[in-house]
Amino acid sequence: MDIVFIEDLRIDTVIGIYDWERRVRQTLSFDIEMAFDNTVPAASDDIADTLNYKDVSKRLIAYVSESSFGLVETLAERCVAIIRVEFGVAWVRLKLSKPGAVRGAKAVGVCIERGKRS
1 MDIVFIEDLR
11 IDTVIGIYDW
21 ERRVRQTLSF
31 DIEMAFDNTV
41 PAASDDIADT
51 LNYKDVSKRL
61 IAYVSESSFG
71 LVETLAERCV
81 AIIRVEFGVA
91 WVRLKLSKPG
101 AVRGAKAVGV
111 CIERGKRS
């Protein structure tokens, strides 16, 4: 199976469990890998046959920028569900990073994998 990816998609949102975090928007970084058979779009050279990474990105930007979660774990699960259901993706790996959340670390976060990779 081929992989369509989106790397370092940065989205501002309200995320966190502390009071100060609920009052500010923070930038999150998303790295996404999605299983997709690229043989059809490669043969047709037609964007309609692709898993359009721009459409996936725009959908996540719209969702995440309007969301307000306490945990990155919850947000990651919801984003993966959107990708799988709305875009028909059987397998997704999503790494959600929260830069600057822990002193001394570049970023912290979660990496989740859902579905079956053919």
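Residue numbers (the UniProt record's numbering): 1 to 118. Just so you know, even glycine gets a beta-carbon here, dropped at the ideal spot from N, CA and C. All figures in this text were calculated on a predicted structure; none of them were measured in a lab.
Close-in-space but distant-in-sequence residues of the same chain around lysine 106 (CB under 7 angstroms, 5 per side omitted)
Pro99
Phenylalanine 36 versus Arg23, Phe5, Val80, residue with shortest Cα-Cα distance:
If you compare the alpha carbons of Arg23, Phe5, Val80 with that of phenylalanine 36, the shortest gap goes to Phe5.
I need the DSSP call for isoleucine 82, collapsed to helix, strand or coil.
helix
Does the contact criterion of 3 or more C-beta pairs under 8 angstroms hold for the region 14-26 versus the region 39-55?
no
Leucine 9 and serine 68 closer than 8 angstroms at C-beta:
no
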